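Quick note: the sequence shown, position 253, residue 253 per the working numbering, numbers continuous. We put the CB at the ideal spot given by N, CA and C, even for glycine. Note that the structure is predicted; figures quoted are calculated from it, not measured.
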Amino acid sequence: MPENAYDRLNAKLKHAHMLGTVSGLLGWDELVNLPADSSDQRQEQSAAMAQVCHKASTDPKIDELLTDLESKQIQLNDDQRVVIREARKEYRRSAKLPTEFLQRKARLDSEAYHAWADAKKNSDFSRFAPYLQRQLDSSREFAGYLGWAKNPYDCLIDQHDPGMNAATIAGLFEELKIELVPIVNLILASEKKQDPSIFKGFPIAEQEEFLKEITASLGFNYNRGRIDVSLHPFCSGNGADTRMTTRFDEDNPLDSLFSSIHETGHGLYEQGLPLDQLHNALGEAAGMGAHESQSRLWENQVCRSRSFWKCYEPILRARFKKQLADIPSDDLYLAINAVSRNPVRVDSDEVTYNLHVIIRFEIERRLFDGSLSVKELPDAWNALYKELLDIDPKNDAEGVLQDVHWSDGSFGYFPSYCLGNMLAAQLWYAALDQLPGLEDDFEKGDFSRLLDWLRDKVHRHGKRYYLKVLAVSATGQPLSPKPLIRYLKDRYIPLYT
Ligand code: ZN
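Written as structure tokens, this is what we have:
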């Protein structure tokens, strides 16, 4: 039995965390291994675990220990204060949400997901509209329980990126949008183009070996993690056991490669968090935006660069001699950095991607401030796509119904993707500045200096700093879209003009 209150608190947090990891494994297994007709039992297993986890994280002992530790008599160091601050926040959150609401929400999520899938299949928004309305109401109710009734959207953003709010994001996105639209137009007007459909017949086993070679050389520890196949790539687990997934297509090797690298960026962050603190805030990522900054930095700034491909193009060509025989080097590099007017966010490139996110943020904001109704949503969606990307989605499936996020009420999540892109570019220039000759390392297949730098500036701090503070502490500058604009210009303008 640990003696002092801080150790006793950590023992409680560890118990809750371990139960959470079991729950997480069930979720991973569901998406990777579960036989088709076994999902009923899995739903019951998951629901049973959710109950056990909720009980552990709302144990009144945690509250008592936190109250003790928060009293002035106990001396605490900075690390301990971070753990207590976050444990209090988490406890309050869990304890304030009535069980009845959580059960109702779980049922709604399941119903709304199926309604969304059906609506998307039939490309008919009206089938999903009533569920979306219920999810909006449910999100307002959620915010109310947590004491954010007046700013429900800020509450939801704060769940993904603590310390962020809609007004701050609107300012950052507006600045980005003004600069980005002309860059997109310039690139799309270029004569130089290369469609990734030039790739044909890449055997899956070979693709898998190649991507494992790359992700291991980036620094992913396969003794504490693995990569499997799922419908949509993701990364789950923690630094002690990191589970990544990818998907394969013989005619689209870049999709598999870059989504694996993306998930590896998430995995490297998890594996860089202090292993002995995984159960508390010191071993937890700073937020979604910070997480996405890591995946994007490796995926885009590093692995789409010339220096990276100087090392890996010969290796790729040796593996896929026949498939690449007629594809010159310049075409290969252009395909790796292809930009196109794609109506679908997940299929879009890193240049236009940010506009897809800005559109969703704008819509969510208006849904929550009451200036847009669910009924008006498809028209508003299409109008924004026309305005920012000159795209006319050909139906609801390709337009407003394309993303799964709103079906489970994940409002306030989209902005994190773009905030992550901003931080990634900001970290990139700070690293280039502080690590002379960094890109020469990449030409030799050596990424250790960059990884060590990220470990030091980002990973080891866990949730000590929220996104805005993390940006300043890691780069010396406040979070800004300027480095992202600079990066997109540096990388893409020479390529397309
Ligand atoms: Zn990601």
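Any non-hydrogen atom of the ligand ZN within 7 Å of H262 CB: Between the ligand ZN and H262, a heavy atom-to-CB distance of less than 7 Å is present.
Can you tell me the Cα-Cα spacing of M196 and L355, whole angstroms? It is worth fixing the name first, because residue 196 is Pro in this sequence and not Met. In a straight line, the C-alpha of P196 is about 21 Å away from that of L355.
N-terminal and C-terminal residue of the beta strand (DSSP E) that I227 is part of: Where I227 is concerned, the enclosing beta strand (DSSP E) stretches over G225 to V229.
Given I391, which residues of its chain have a CB within under 7 Å of its CB, disregarding the five upstream and five downstream residues? If the five residues before and after I391 are omitted, its C-beta is found closer than 7 Å to the C-beta atoms of R341, P343 and Y385, all from its own chain and listed in chain order.
Where E86 falls, given that 16 or more other Cβ within 10 Å makes a residue buried: Residue environment analysis places E86 among the buried positions, since at least 16 neighbouring C-beta atoms fall within 10 angstroms of its C-beta.
If the criterion is Cβ atoms closer than 8 Å, does the pair F411 and L156 meet it? The answer is yes: Cβ separation under 8 Å.
Any idea what DSSP makes of S217, helix, strand or coil? Helix at S217.
Should E350 be counted as a contact of the ligand ZN given a C-beta to heavy atom distance under 7 Å? Not one heavy atom of the ligand ZN sits closer than 7 Å to the Cβ of E350.
Shortest alpha-carbon distance to L484 belongs to which of Y269, M49, L423 and F320? The residue with the shortest Cα to Cα distance from L484 is L423.
So, for L211: in the same chain, excluding its five sequence neighbours on each side, which residues have a beta-carbon less than 6 Å away from its beta-carbon? Counting only Cβ-Cβ distances below 6 Å, and skipping sequence neighbours, we find L257 and S260.
Round the Cβ separation of W428 and Q301 to the nearest angstrom and send it over; I've been treating them as touching at under 8 Å. Indeed they touch by this definition, with Cβ atoms about 4 Å apart.
With a threshold of 6 Å on Cβ separation, who are the neighbours of K192 within its own chain once the five nearest residues in sequence on each side are excluded? These residues qualify, in order along the chain: Y496.
Using a threshold of 8 Å, state whether the C-beta atoms of F199 and I358 are closer than that. No. Outside cutoff.
At what residue ranges does the stretch 446–477 contain a whole run of the beta strand (DSSP E), taking only runs of 3 or more? For secondary structure counted as the beta strand (DSSP E) over 3 or more consecutive residues, the stretch 446–477 holds no complete run.
Say the cut is 7 Å; is the CB of H520 nearer than that to a heavy atom of the ligand ZN? Residue 520 is absent from the model: the chain starts at 1 and stops at 497.
With a CB to CB cut of under 6 Å and the five nearest residues on each side skipped, what residues in its chain are close to E364? So the list reads F411, once near-sequence residues are dropped.
Among D63, D40, S123 and A167, which residue has its Cα nearest to the Cα of L9? Of the candidates D63, D40, S123 and A167, the one whose C-alpha sits nearest the C-alpha of L9 is D63.
Which residue from G283, Y269, K321 and V339 puts its Cα closest to that of L297? Of G283, Y269, K321 and V339, the residue nearest in Cα terms is Y269.
Three-way DSSP call (helix, strand, coil) for T497 in this model: When secondary structure is reduced to three states using DSSP, T497 falls in the coil class, being assigned neither helix nor strand.
Status (buried if at least 16 other CB within 10 Å, exposed otherwise) for Y153: By the neighbour-count rule (16 or more Cβ atoms within 10 Å), Y153 is buried.
Under 7 Å: does the beta carbon of S295 sit that close to some heavy atom of the ligand ZN? Between the ligand ZN and the CB of S295, the shortest heavy atom gap is smaller than 7 Å.
Distance cut-off 7 Å: H266 Cβ against heavy atoms of the ligand ZN: Checking every heavy atom of the ligand ZN against the Cβ of H266, one is found closer than 7 Å.
In the structure shown, what three-state DSSP assignment does M164 receive? It is coil, neither helix nor strand.
Inter-residue Cα distance where the pair is A383 and S190: Distance between the alpha carbons of A383 and S190 is about 25 Å.
On the DSSP bridge assignment, give the partners of N421 in chain order. Note: N421 sits in no beta bridge, so no partner.
Selected residue, minimal CA-CA separation from A338, among K463, S305, Q135 and R107: Nearest of K463, S305, Q135 and R107 to A338, Cα basis: S305.
Report the CB separation of V82 from A286 in whole angstroms; it is logged as a contact under 8 Å. That pair is no contact at about 11 Å.
On a Cα-Cα basis, can you pick out the residue from Q277, G267 and P274 that is closest to S293? The option with the nearest alpha carbon to S293 is G267.
Entirely enclosed alpha helix (DSSP H) segments - the stretch 85–146, minimum 4 residues: Listed in chain order, they are 99–121 and 125–145.
From F220, G219, F320 and G237, residue whose alpha carbon lies closest to that of L254: Among F220, G219, F320 and G237, the Cα nearest to that of L254 is on F320.
Considering only heavy atoms of the ligand ZN, does any lie closer than 7 Å to the CB of E376? No - the ligand ZN has no heavy atom lying nearer than 7 Å to the Cβ of E376.
Can you tell me which of the three DSSP states S373 falls into? In this structure, DSSP gives S373 a state outside helix and strand, which the three-state scheme calls coil.
Indicate, with yes or no, if the ligand FAD has a heavy atom lying under 7 Å from the CB of E292. This structure does not include the ligand FAD; its bound ligands are the ligand ZN.
From this set, L146, G476 and A205, which residue's C-alpha is nearest L97's C-alpha? Of the candidates L146, G476 and A205, L146 places its Cα closest to the Cα of L97.
Taking Cβ to Cβ, would you say G445 is nearer than 8 Å to S217? It is a contact, given that the beta carbons lie within the stated cut-off.
Counted within 10 angstroms of its Cβ, other Cβ atoms place P421 as buried (16 or more) or exposed: In the sequence on display, residue 421 carries Asn and not Pro. Looking at its Cβ environment, which holds 16 or more other Cβ atoms inside 10 Å, N421 is buried.
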